[in-house]
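Structure first, commentary second.
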Ligand code: GLU
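Residue numbers (the working numbering): 3 to 425.
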């Protein structure tokens, strides 16, 4: 993950950004003021302190959060991030974006998000397990298969989901696979969940390339961030389209080779050394340079605020595949739109993760598990339909893809709120 520069003037508070996007949409739709007021704020915000016995015998207290932004369309859904710079405003923004993401994909789910301020890279496996279980011990009353269903996000993974599911099941006195998604397959996880975020993004890229007349087999791509989303994006772009990955970055550095990088070998290098930097056969560049490379496709897969007022003018990619949440600030959006860059916005582009999470919930309830191909087929159908609905809306109103995605999503939530009689 590329580090966020909090002191940087171009940095935008993510929740303010989410509210601004919401306000613009409300104005465009001439939204009922009551509905606008409801969707600007999360419905519930919980702060917890989690005591964890460290390996050296001392007790350390970690701060954690869980936010439900809106549950008009169904139980809240959204991941849990473990990050040293986690903060409540980011979690509130991410919960808000989950509401729009689920609505856009037509899932019967609302939006939520959680986070813990910690650095998992500095925790032992035992400490990480006790922290994960501690998070659930503090929050179990507020989550559940039909209230709020967490999932993995930045620096959390299927093992952490397994511990959390187990902790919740112990408290409840029965197996509760449906409380969390992104679990390992042997514990009720769905086939295809591992690479679902990137795969969904690749399906939207395929559609965008058609619209742009870009031949992906001759295209180049730069990937910012080499966690779950970035790694699988690099791998799948090669496998599905034969696209050449020329640059990859992570929180420690960036590498560049115009002849192409082997995504799997870079991953192995990162797994053994902790970073993509130092990969043989590639030139070292800065993380900022990666974003401004002359490539056809740019794939931000790190944290918020990567593309901002400072660098948006220098972006040369023709398509941006937003696999991370909130990578582009509203100011940058305007610049990119004016420069005719086709942005596939985060709430559409990275919705593959939550879509397959929803499939996981369905499979947990029915106890009938699908083949990988079935998951891919259903994901493709849903995300491709959403892409074209957003594209059509953007053409219709001559607005950018993010504004169009907001319109589709907000209208669905608006309808649910009205029918429920909340306003
Ligand atoms: N954390 C992912 C996201 O931001 C997935 C959420 C989920 O599966 O519930 O969309």
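No residue lacks a Cβ here, since even glycine has one placed at the ideal position from N, Cα and C. Please read these numbers as outputs of a predicted model, since none were measured by experiment.
- Expressed to the nearest angstrom, what Euclidean distance is found between the alpha-carbon atoms of residue 264 and residue 242? What you label residue 264 is simply residue 262 of the chain shown in a count that begins at 1. What you label residue 242 is simply residue 240 of the chain shown in a count that begins at 1. Answer to the nearest angstrom: the Cα atoms are 14 Å apart.
- By the 10 Å Cβ neighbour count, where 16 or more other Cβ atoms means buried, how is residue 3 classified, buried or exposed? In the chain shown, counting from the first residue as 1, residue 3 sits at position 1. In this prediction, residue 3 scores a pLDDT of 37, lower than 50, which makes its location untrustworthy; no coordinate-derived value is stated.
- Query: What number of angstroms, rounded off, separates the C-alpha of residue 386 from the C-alpha of residue 355?
  - Reply: Position 384 of the chain shown, counted from the first residue, corresponds to residue 386. Position 353 of the chain shown, counted from the first residue, corresponds to residue 355. C-alpha separation (whole angstroms): 14 Å.
- Task: Whole angstroms is fine: what's the gap from residue 84's alpha carbon to residue 124's?
- Result: Sequence index remark: in the chain shown, residue 84 carries index 82 (1-based). Sequence index remark: in the chain shown, residue 124 carries index 122 (1-based). About 12 Å.
- Task: State the start and end residues of the unbroken alpha helix (DSSP H) segment that holds residue 57.
- Result: In the chain shown, residue 57 corresponds to position 55, counting from 1. Residue 57 -> no alpha helix (DSSP H), and no H or E assigned at all.
- Item | Whole-angstrom distance between residue 281 and residue 73, CA atom to CA atom | Taking the chain shown and counting its residues from 1, one reaches residue 73 at position 71. Taking the chain shown and counting its residues from 1, one reaches residue 281 at position 279. Near 45 Å, if we compare the C-alpha coordinates of residue 281 and residue 73.
- Per-residue DSSP class, three states only, for residue 318: Working through the chain shown from its first residue, we reach residue 318 at position 316. Correct three-state label for residue 318: coil.
- Message: Just verifying my parser: in three-state terms, what is the DSSP assignment at residue 258?
- Response: Residue mapping note: residue 258 aligns to position 256 of the chain shown, counting from 1. If DSSP states are grouped into helix, strand and coil, residue 258 belongs with the strands.
- Query: What's the gap between the Cα of residue 390 and the Cα of residue 284?
  - Reply: Position 388 of the chain shown, counting from 1, holds the residue named residue 390. Position 282 of the chain shown, counting from 1, holds the residue named residue 284. Taking the straight line from one Cα to the other gives about 37 Å.
- Task: Give the straight-line distance between the Cα atoms of residue 251 and residue 257, rounded to the nearest whole angstrom.
- Result: As a first step, residue 251 is located in the chain shown; it is residue number 249 there, counting from the start. As a first step, residue 257 is located in the chain shown; it is residue number 255 there, counting from the start. About 6 Å.
- Query: Do residue 318 and residue 296 come within 8 Å of each other at the CB atom, strictly closer than that value?
  - Reply: Here residue 296 corresponds to residue number 294 of the chain shown, with the count starting at 1. Here residue 318 corresponds to residue number 316 of the chain shown, with the count starting at 1. The answer is yes: Cβ separation under 8 Å.
- Query: Sorry if obvious, but does the Cβ on residue 97 come closer than 7 Å to a heavy atom of the ligand GLU?
  - Reply: Your numbering for residue 97 matches position 95 in the chain shown. Not so, every heavy atom of the ligand GLU lies at least 7 Å from the Cβ.
- Message: Within 8 Å, do at least three Cβ pairs link the stretch 398-417 to the stretch 31-41?
- Response: yes
- Task: Name the two residues that bound the continuous alpha helix (DSSP H) containing residue 26.
- Result: Here residue 26 corresponds to residue number 24 of the chain shown, with the count starting at 1. Run containing residue 26: 16-31, per the alpha helix (DSSP H) assignment.
- From 185, 253, 193, 300, residue whose alpha carbon lies closest to that of residue 288: Along the chain shown, one-based indexing puts residue 288 at 286. Closest option to residue 288, Cα to Cα, is 253.
- Would you call residue 8 buried or exposed, if buried means 16 or more other Cβ atoms sit within 10 Å of its Cβ? Sequence index remark: in the chain shown, residue 8 carries index 6 (1-based). Low confidence applies to residue 8: its pLDDT is 46, below 50, so where it sits in the model is not reliable enough to give any reading.
- Query: How is the alpha helix (DSSP H) around residue 366 delimited, first residue to last?
  - Reply: In the chain shown, residue 366 corresponds to position 364, counting from 1. Start and end: 354-368.
- Query: Does DSSP put residue 109 in a helix, in a strand, or in coil?
  - Reply: Working through the chain shown from its first residue, we reach residue 109 at position 107. Three-state result, residue 109: coil.
- Item | Proximity below 8 Å, CB of residue 286 to CB of residue 238 | Reading the chain shown from its first residue, position 284 is the one you call residue 286. Reading the chain shown from its first residue, position 236 is the one you call residue 238. Result no, Cβ atoms of residue 286 and residue 238 do not sit closer than 8 Å.
- For residue 336, does the count of other Cβ atoms within 10 angstroms reach 16, so buried, or fall short, so exposed? Here residue 336 is taken as the residue at index 334 of the chain shown, counted from 1. Counting Cβ neighbours within 10 Å, residue 336 comes out exposed, since fewer than 16 surround it.
- Item | Spatially closest choice to residue 115 from 126, 108, 102, 127, by CA coordinates | As a first step, residue 115 must be located in the chain shown, where it is residue number 113. With distances taken between Cα atoms, residue 115 lies closest to 102.
- Message: Measuring CB atoms only, is the stretch 401-414 touching the stretch 219-227, in the sense that at least three cross pairs come out at less than 8 Å?
- Response: no
- Task: Report the three-state DSSP secondary structure of residue 267 (helix, strand or coil).
- Result: Position 265 of the chain shown, counting from 1, holds the residue named residue 267. Note: residue 267 maps to helix in three-state DSSP.
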